[in-house]
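Asker:
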Amino acid sequence: MNINPKSLQETYAPRGICYGCGVENSKGLRIKSFVSNDSIVASFTPKEYHSAFPGVVNGGIIGSILDCHSNWAAAYYLMESKNMNSTPCTVTARYQIDLHKPTPMDQKLEIFAYLNKIDDNKAWIDAEVKIKSIKYASCKGLFVAVKDNHPAYHRW
1 MNINPKSLQE
11 TYAPRGICYG
21 CGVENSKGLR
31 IKSFVSNDSI
41 VASFTPKEYH
51 SAFPGVVNGG
61 IIGSILDCHS
71 NWAAAYYLME
81 SKNMNSTPCT
91 VTARYQIDLH
101 KPTPMDQKLE
111 IFAYLNKIDD
121 NKAWIDAEVK
131 IKSIKYASCK
141 GLFVAVKDNH
151 PAYHRW
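Under the working numbering, the residue at position 62 of the sequence shown is numbered 62, and the numbers go up by one with no gaps.
1) Going by beta-carbon coordinates alone, are residue 16 and residue 64 separated by less than 7 Å?
2) Would you mind listing the beta strand (DSSP E) stretches within the segment 71-140 that are 3+ residues and don't spill past its ends, in chain order?
3) If I follow the unbroken beta strand (DSSP E) through residue 152, where does it start and stop?
4) Suppose you measure from the CA of residue 56 to the CA of residue 110; what does that come to, to the nearest Å?
5) What does the Cβ neighbour count give for residue 83, buried or exposed, with the cut at 16 atoms within 10 Å?
6) Rounded to whole angstroms, what is the Cα-Cα separation between residue 103 and residue 137?
7) Using a 10 Å radius around the Cβ and a threshold of 16 neighbouring Cβ atoms, would you call residue 9 buried or exposed?
8) Measuring CB to CB, does residue 126 end up less than 7 Å from residue 114?
9) Alpha carbons only, please: which of 77, 100 and 108 is nearest the one belonging to residue 50?
10) Determine the contact status of residue 73 and residue 90, defining contact as a CB-CB distance below 7 Å.
11) Nearest by alpha-carbon distance to residue 62: which of 151, 99, 131 and 32 is it?
12) By how many angstroms is the C-alpha of residue 69 removed from the C-alpha of residue 31?
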């Protein structure tokens with residue numbers, strides 16, 4: 001599919017400031033999402049300041065990772081479905097995070113997002129955080145492409 005060495009964020013929002021995925025946010029998580037066959041993939045290596053307690057990643061950090069990564073998956077799939085040249089500006093309408101087990105700090109997290117359904121300007125995305133094929137967290141979300149009257153519209 002897409003063999004672009006740049007992430008979706010670097011390609012479509014190089015001036016983004018979002019805490020989770022903003023390329024220009026030096027204090028943020030800087031998630032980088034890539035197209036890989038039928039999914040959108042990313043990785044993240046937690047730092048000690050991402051801890052909930054010793055050795056375990058904070059659930060809010062996991063939520064931010066899954067929210068931003070899923071949002072970019074939605075933007076990509078909406079762009080593809082409408083044959084657009086760039087991603088629409090999407091926002092999170094709803095997402096649910098399930099934390100299946102404590103996520104260890106000392107390993108790289110693998111994040112996967114999959115299209116569940118598209119309807120007009122809405123995309124439903126399923127996502128998960130894994131380490132070596134073991135699922136630690138999952139997400140189901142609804143993401144919506146906004147119009148120019150929305151405050152987030154020009155953020156990308």
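All residues carry an ideal CB built from backbone N, CA and C; glycine is no exception.
This structure is a prediction, so every number in the text was calculated from the model and none was measured.
Answerer: According to the data block:
1) Taking the first residue of the sequence shown as position 1, residue 16 is located at position 16. Taking the first residue of the sequence shown as position 1, residue 64 is located at position 64. Their beta carbons are not under 7 Å apart, which means residue 16 does not touch residue 64 by this criterion.
2) 90-99, 109-119 and 122-131
3) Translated into positions along the sequence shown, residue 152 becomes position 152. No beta strand (DSSP E) contains residue 152, which DSSP labels as neither H nor E.
4) Taking the sequence shown and counting its residues from 1, the one referred to as residue 56 is at position 56. Taking the sequence shown and counting its residues from 1, the one referred to as residue 110 is at position 110. Cα-Cα distance, rounded: 15 Å.
5) Locating residue 83 in the sequence shown gives position 83, where the first residue counts as 1. That one is exposed.
6) Counting from one through the sequence shown, the residue named residue 103 turns up at place 103. Counting from one through the sequence shown, the residue named residue 137 turns up at place 137. C-alpha separation (whole angstroms): 8 Å.
7) Position 9 of the sequence shown, counting from 1, holds the residue named residue 9. So residue 9 counts as buried.
8) Position 126 of the sequence shown, counted from the start, is the residue given in the question as residue 126. Position 114 of the sequence shown, counted from the start, is the residue given in the question as residue 114. Closer than 7 Å, so yes.
9) Residue mapping note: residue 50 aligns to position 50 of the sequence shown, counting from 1. Looking at the Cα atoms, 108 is the closest of the given residues.
10) On the sequence shown, position 73 is the one that residue 73 refers to. On the sequence shown, position 90 is the one that residue 90 refers to. Contact: no.
11) Numbered from its first residue, the sequence shown carries residue 62 at position 62. Checking every option, the nearest Cα to that of residue 62 belongs to 99.
12) Working through the sequence shown from its first residue, we reach residue 31 at position 31. Working through the sequence shown from its first residue, we reach residue 69 at position 69. Computed Cα separation, rounded: 7 Å.
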